Amino acid sequence: MKKKIIKVIFYISLFSFFLINSKYIFAQNFAEVINEYTGEYTINKDGTVGVVEKLEYDFGSTQKHGIFRDITYIKTNQDNKRYKIVVRDITVTNEYDQPYTFTTLENKNTGKLNIKIGDANVLVTGIKTYVIKYTLAGALSYFPNDHDEFYWNFIGNEWPVTIEKATSIVKLGFDTNEEYLKVICYTGVLGSTQSNCTYNILNKNLIHISALSPITANSGMTITVGFPNNLVATLEPQEIQKSLLDRIKEFIFVFITSVLIPIAALYWFLILPILLFIKRSNYRKFLMNNQRIVAAWFEPPNDDDKKAYTPAETGALIDKKSDHKEVTATIIHLAQRGFLKIKIDDKKKVMFEKHNKSIDSLKNFEITLFDALFKDGDIVNTDSYEKSESFGKSLQKFFEQVEDSLETHKLFEKDLSDEKKKFILLYGLGLFTMNWLILIVNFLTRNNYIKFSLKGAEKYSEAYSLYNFLKSQDAQLDFQAKNQMFFEKLLPYATAFGVEDIWTKKFEDLKFVKNDWYEGDTSNLYTSSILAHSISSSMRSASAYSSSSRSSSGFSSGFSGGFSGGGGGGGGGGSW
Numbered sequence: 001m002k003k004k005i006i007k008v009i010f011y012i013s014l015f016s017f018f019l020i021n022s023k024y025i026f027a028q029n030f031a032e033v034i035n036e037y038t039g040e041y042t043i044n045k046d047g048t049v050g051v052v053e054k055l056e057y058d059f060g061s062t063q064k065h066g067i068f069r070d071i072t073y074i075k076t077n078q079d080n081k082r083y084k085i086v087v088r089d090i091t092v093t094n095e096y097d098q099p100y101t102f103t104t105l106e107n108k109n110t111g112k113l114n115i116k117i118g119d120a121n122v123l124v125t126g127i128k129t130y131v132i133k134y135t136l137a138g139a140l141s142y143f144p145n146d147h148d149e150f151y152w153n154f155i156g157n158e159w160p161v162t163i164e165k166a167t168s169i170v171k172l173g174f175d176t177n178e179e180y181l182k183v184i185c186y187t188g189v190l191g192s193t194q195s196n197c198t199y200n201i202l203n204k205n206l207i208h209i210s211a212l213s214p215i216t217a218n219s220g221m222t223i224t225v226g227f228p229n230n231l232v233a234t235l236e237p238q239e240i241q242k243s244l245l246d247r248i249k250e251f252i253f254v255f256i257t258s259v260l261i262p263i264a265a266l267y268w269f270l271i272l273p274i275l276l277f278i279k280r281s282n283y284r285k286f287l288m289n290n291q292r293i294v295a296a297w298f299e300p301p302n303d304d305d306k307k308a309y310t311p312a313e314t315g316a317l318i319d320k321k322s323d324h325k326e327v328t329a330t331i332i333h334l335a336q337r338g339f340l341k342i343k344i345d346d347k348k349k350v351m352f353e354k355h356n357k358s359i360d361s362l363k364n365f366e367i368t369l370f371d372a373l374f375k376d377g378d379i380v381n382t383d384s385y386e387k388s389e390s391f392g393k394s395l396q397k398f399f400e401q402v403e404d405s406l407e408t409h410k411l412f413e414k415d416l417s418d419e420k421k422k423f424i425l426l427y428g429l430g431l432f433t434m435n436w437l438i439l440i441v442n443f444l445t446r447n448n449y450i451k452f453s454l455k456g457a458e459k460y461s462e463a464y465s466l467y468n469f470l471k472s473q474d475a476q477l478d479f480q481a482k483n484q485m486f487f488e489k490l491l492p493y494a495t496a497f498g499v500e501d502i503w504t505k506k507f508e509d510l511k512f513v514k515n516d517w518y519e520g521d522t523s524n525l526y527t528s529s530i531l532a533h534s535i536s537s538s539m540r541s542a543s544a545y546s547s548s549s550r551s552s553s554g555f556s557s558g559f560s561g562g563f564s565g566g567g568g569g570g571g572g573g574g575s576w
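Heads up: the sequence shown at position 439 corresponds to 439 in the UniProt record's numbering, and the numbers run straight through without jumps.
Printed below as a string of structure tokens:
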């Protein structure tokens with residue numbers, strides 16, 4: 001037993017050792033690295049630059065076919081014009097001048113020349129040396145009456161491996177005084193102005209530039225050598241002429257960014273809020289000029305057939321929307337007409353009992369609500385609605401149908417639901433774009449974002465006059481409210497307006513006889529509005545639950561505003 005325990009401990013320890021050191025072992029065996037990267041550049045009198053790149057590439061224990069080198073041959077000047085640096089006379093050998101197999105591919109979209117070195121049928125591993133030679137035409141920049149320069153991204157920022165040692169040698173194919181030479185270098189990620197490098201001018205035409213530390217993956221090194229004018233021939237890069245399609249695209253882009261966007265911004269942030277305020281102010285003025293609101297109006301508005309609007313329609317007409325108040329009002333209205341009975345027990349729990357009466361004569365929103373109420377039985381408790389998703393969806397349908405009914409009566413000039421969507425959209429876009437002016441205007445004019453028709457203004461006046469009467473505390477109007485029939489007739493409308501408390505208070509001293517549509521404490525009903533409040537609470541919960549996102553060619557100098565990755569050249573490479 002003891003030997004088994006010792007053996008288990010041994011294996012656990014061995015496993016832990018390999019687990020801890022696996023990352024180190026993996027890195028040692030598989031990580032690729034460039035041990036040394038040397039770039040030799042000879043600036044010739046004819047304006048060309050001869051290049052010799054020597055890479056000592058360590059594949060580690062991985063097996064690859066070779067490497068590839070991407071050379072960026074497109075330069076973009078300060079005027080956003082594109083120029084092509086010609087890369088020619090390409091050869092690739094090993095350190096013994098023995099040729100490698102390679103192919104080249106020019107990608108006009110990326111502006112890179114890909115040199116793919118190696119044989120698809122041959123695998124290599126370990127350390128290999130690659131010597132890439134080519135000639136550049138158009139790589140120099142000319143600054144009249146100042147200097148000429150070679151501003152070159154010696155090591156591009158797209159190498160995915162570390163370069164342990166980076167050295168650049170610049171040879172001048174002409175004589176000049178050392179005091180006229182200017183040298184600077186940049187290292188780091190693209191855009192870095194760090195100069196973690198050093199240089200030595202060995203004589204008047206030989207400059208040695210070295211990085212002081214390894215170049216990490218996706219970092220680079222850029223060199224700049226400046227010398228007096230007129231020592232080399234002017235050999236500018238070739239400007240890339242844009243096609244007609246490119247010029248059209250550029251024109252469209254400039255037109256959009258410099259014309260359309262500023263105009264759109266001006267319209268959105270200033271003109272639209274002003275127009276919106278004027279428009280809605282006119283809506284309010286129209287309503288005030290055409291409404292006939294009085295203090296005491298005892299009837300709901302009638303439709304063209306002289307039939308009274310339902311409590312739901314009348315309430316939605318006032319609010320310009322339908323909500324839980326209209327649901328409660330409709331339930332009471334249905335009960336009064338004998339389609340159901342409302343019961344309240346001693347614990348103030350509300351129940352509905354279905355009556356066997358045809359609902360064919362009801363309006364579509366009343367049928368929708370009635371069917372939803374009794375979906376699960378003929379006697380139901382309102383508690384069952386509060387977290388019912390299906391009932392919540394039925395309420396949303398009810399709200400839409402009530403608003404559709406108002407539109408059928410041609411009470412609004414425009415579609416009610418569309419205007420509501422625009423209203424909400426303005427809030428959303430205003431918040432997203434931080435357009436505080438339109439948010440303020442939208443809020444201040446929120447009661448006037450929908451315009452009534454002439455007929456709508458008339459019906460709104462009648463509905464609002466009824467609302468005034470129901471909420472009035474004027475004792476002179478009490479004579480109109482001294483009978484039970486009158487109270488019950490207008491109770492659903494008071495509920496739809498949200499003033500049932502005020503309306504029932506008028507009857508607190510009166511005794512009512514028992515009716516057929518309600519069962520419970522009659523005195524408690526009319527003094528505290530338990531009925532309307534209890535139903536409204538359930539309907540509000542169900543509704544909420546259902547609703548629950550420059551050089552001569554316009555190039556900048558490497559001595560002012562230079563950075564790692566700047567100038568010509570660059571790109572990168574990797575293994576394949």
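Here a beta-carbon is modelled for each residue, glycine too, at the ideal position from N, C-alpha and C. Everything numeric in this text was worked out from a predicted model, so none of it was measured.
Who are the near neighbours of residue i in its chain, counting only those whose CB is closer than 8 Å to its CB and skipping five residues on each side?
| i | result |
| --- | --- |
| Tyr-24 | Low per-residue confidence applies at Tyr-24: pLDDT is 39, beneath 50, and the placement is therefore not dependable enough to give any value. |
| Ile-379 | Met-351, Phe-352, Glu-353 and Lys-354 |
| Val-402 | Ala-312, Glu-313, Ala-316, Ser-322, Glu-326 and Phe-365 |
| Gly-188 | Gln-194, Asn-196, Ser-219, Gly-220 and Ser-564 |
| Leu-454 | Asn-290 |
| Arg-446 | Phe-423 |
Where does residue i sit, in a helix, a strand or coil, going by DSSP?
| i | result |
| --- | --- |
| Ser-575 | strand |
| Gln-238 | strand |
| His-409 | coil |
| Ser-358 | coil |
| Ser-210 | strand |
| Asn-29 | Below a pLDDT of 50, predicted positions are generally treated as unreliable, and Asn-29, at 39, falls in that range; the measurement from the model is reported next regardless. Residue state, collapsed to three classes: helix. |
| Met-221 | strand |
| Gly-315 | helix |
| Tyr-130 | strand |
| Thr-257 | helix |
| Ala-276 | Note on residue identity: the sequence assigns Leu, not Ala, to residue 276. Residue state, collapsed to three classes: helix. |
| Met-288 | helix |
| Gln-401 | helix |
| Tyr-37 | strand |
| Phe-68 | strand |
| Val-441 | helix |
Considering only the alpha carbon of each residue, which of the options lies closest to residue i?
| i | options | result |
| --- | --- | --- |
| Thr-48 | Asn-77, Asp-89 and Lys-81 | Asp-89 |
| Ala-335 | Phe-370, Asp-360 and Trp-268 | Phe-370 |
| Thr-42 | Asn-109, Ile-74, Leu-140 and Ala-120 | Leu-140 |
| Asn-356 | Phe-374, Tyr-83 and Leu-490 | Phe-374 |
| Tyr-130 | Asn-114, Ile-34, Gln-78 and Phe-174 | Ile-34 |
| Lys-421 | Trp-152, Asn-442 and Glu-239 | Asn-442 |
| residue 577 | Lys-84, Phe-339 and Lys-128 | For the chain, the structure presents residues 1 to 576; residue 577 sits outside this window and is missing. |
| Val-52 | Thr-62, Gln-63, Thr-310 and Arg-69 | Arg-69 |
| Lys-363 | Thr-382, Asp-404, Asp-346 and Lys-343 | Asp-404 |
| Asn-230 | Phe-339, Tyr-186, Asn-44 and Lys-414 | Asn-44 |
| Asp-305 | Leu-439, Ser-361, Arg-280 and His-409 | His-409 |
| Leu-235 | Thr-433, Ala-120 and Phe-150 | Phe-150 |
| Gly-111 | Asn-121, Met-434, Ile-74 and Ser-465 | Ile-74 |
Can you list, in chain order, the residues of its chain whose CB lies under 6 Å from that of residue i, leaving out five sequence neighbours each side?
| i | result |
| --- | --- |
| Thr-103 | Lys-116 |
| Ser-168 | Gly-39, Phe-154, Ile-209 and Ile-223 |
| Asp-46 | Ala-233 |
| Glu-106 | Leu-113 |
| Gln-238 | Lys-84 |
| His-333 | Pro-311 and Pro-492 |
| Glu-95 | Thr-129 |
Taking C-beta to C-beta, are residue i and residue j nearer than 7 Å?
| i | j | result |
| --- | --- | --- |
| Val-225 | Val-183 | yes |
| Asn-200 | Leu-172 | no |
| Gly-118 | His-65 | yes |
| Ala-494 | Glu-500 | yes |
| Val-86 | Ala-137 | yes |
| Ala-457 | Ala-329 | no |
| Leu-437 | Pro-273 | yes |
| Gly-50 | Thr-135 | yes |
| Thr-368 | Lys-397 | yes |
| Ile-318 | Tyr-449 | no |
| Gly-572 | Ile-67 | no |
| Lys-349 | Trp-517 | no |
| Phe-227 | Asp-148 | yes |
| Ala-166 | Tyr-267 | no |
I'd like the list of long-range same chain contacts for residue i, defined as Cβ closer than 7 Å, with 5 residues on each side in sequence excluded.
| i | result |
| --- | --- |
| Thr-76 | Arg-82 |
| Tyr-11 | Interpretation of Tyr-11 is limited by its pLDDT of 49, a score under 50 that renders its predicted location unreliable; no figure is taken from the coordinates. |
*Can you list, in chain order, the stretches of the beta strand (DSSP E) that have 3 or more residues and sit fully within the stretch 89-174?*
102-107, 112-118, 127-137, 140-143, 147-155 and 166-172
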